[in-house]
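Residue numbers for the sequence shown follow the UniProt record's numbering, beginning at 1 and rising by one.
We treat Cβ as the ideally placed atom computed from N, Cα and C, and that holds for glycine.
One structure is given here, and the rest of the page talks about it.
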Amino acid sequence: MTFTLDDLIYVMKKLQEAGLDAVIIGGTSVELEARNKKFSGDLDLFPTNHYALVEEDFFRTIADEEGWEYGHTGLGTPKMVAKGPKNEVEIEFYDNIMDFYVPDEILNEAKTVEIKGVKIKKVSPEDYVVLKSRSEDPEAISIIRGVKALADSGKITLNVRKIKERLELFPETDVPLMKKRLKEAGIDV
Numbered sequence: 001m002t003f004t005l006d007d008l009i010y011v012m013k014k015l016q017e018a019g020l021d022a023v024i025i026g027g028t029s030v031e032l033e034a035r036n037k038k039f040s041g042d043l044d045l046f047p048t049n050h051y052a053l054v055e056e057d058f059f060r061t062i063a064d065e066e067g068w069e070y071g072h073t074g075l076g077t078p079k080m081v082a083k084g085p086k087n088e089v090e091i092e093f094y095d096n097i098m099d100f101y102v103p104d105e106i107l108n109e110a111k112t113v114e115i116k117g118v119k120i121k122k123v124s125p126e127d128y129v130v131l132k133s134r135s136e137d138p139e140a141i142s143i144i145r146g147v148k149a150l151a152d153s154g155k156i157t158l159n160v161r162k163i164k165e166r167l168e169l170f171p172e173t174d175v176p177l178m179k180k181r182l183k184e185a186g187i188d189v
């Protein structure tokens, strides 16, 4: 699924008007950093003022009022298909549940960008690759390689020192595997 910057702005504005504050934690954050106007995949959001897993009625109400499709992610959290001005946007909402974990420091330090009057919070490319290095996604290493390639080409910056620091936010037992995946993707920490 692909969507445009106008679709992203529209969806984020609608969610904010409904009272939801959220941080983009997925690949869209890197695509925004690269100043893309088109985005691939879905929009992964981590709500910061509502719990996706336990406040399902809140999320379902947004979908119902906007006429958006409603469902669930593999983790059981809300998922919507929003109708943007040009394309549909698949939105997946996440919480810190089971093995899925985003440290508060990453969420609290998310960068805010303002586009056409809409404030959008997103994780940094460094935070994205660290989160991806911990994920169970079989494509994680390939995706991290793609982010490194963007940095190598000068489209984004990637601070290895910040990546090392962010690894300290995760359980010690997870860090060796995260480092291994990052190294396989060409980021030696």
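Nearest-angstrom Cβ-Cβ length linking residue i and residue j, presumed shorter than 8 Å
i	j	result
V130	I163	6 Å
K132	I144	6 Å
K83	I91	With a Cβ gap of about 11 Å, K83 and I91 do not count as contacting.
V113	F3	So it is not a contact: roughly 17 Å between Cβ atoms.
Cα-Cα separation, residue i to residue j
i	j	result
V160	G117	32 Å
T48	L20	8 Å
Y94	D152	30 Å
D127	G186	16 Å
P125	G146	11 Å
K13	R166	30 Å
Classification of residue i by the beta-carbon crowding that lies within 10 angstroms, buried from 16 upward
i	result
T28	buried
K134	According to the sequence shown, residue 134 is Arg rather than Lys. Its Cβ being crowded by 16 or more others within 10 Å, R134 is buried.
L158	buried
D104	exposed
L177	exposed
G71	exposed
A140	buried
A110	buried
Residue i, enclosing alpha helix (DSSP H) - first and last residue
i	result
I106	D104 to N108
V83	This sequence places Lys at residue 83; Val is not what is there. Not the alpha helix (DSSP H): K83 falls in the beta strand (DSSP E), residues P78 to K83.
S142	A140 to D152
L177	V175 to E184
V54	Element bounds for V54: n/a, residue is neither H nor E.
E165	V160 to L167
Sheet register partners of residue i (DSSP bridge)
i	result
I120	V113
I24	L45 and K122
H72	P78
I97	F100
K38	T4
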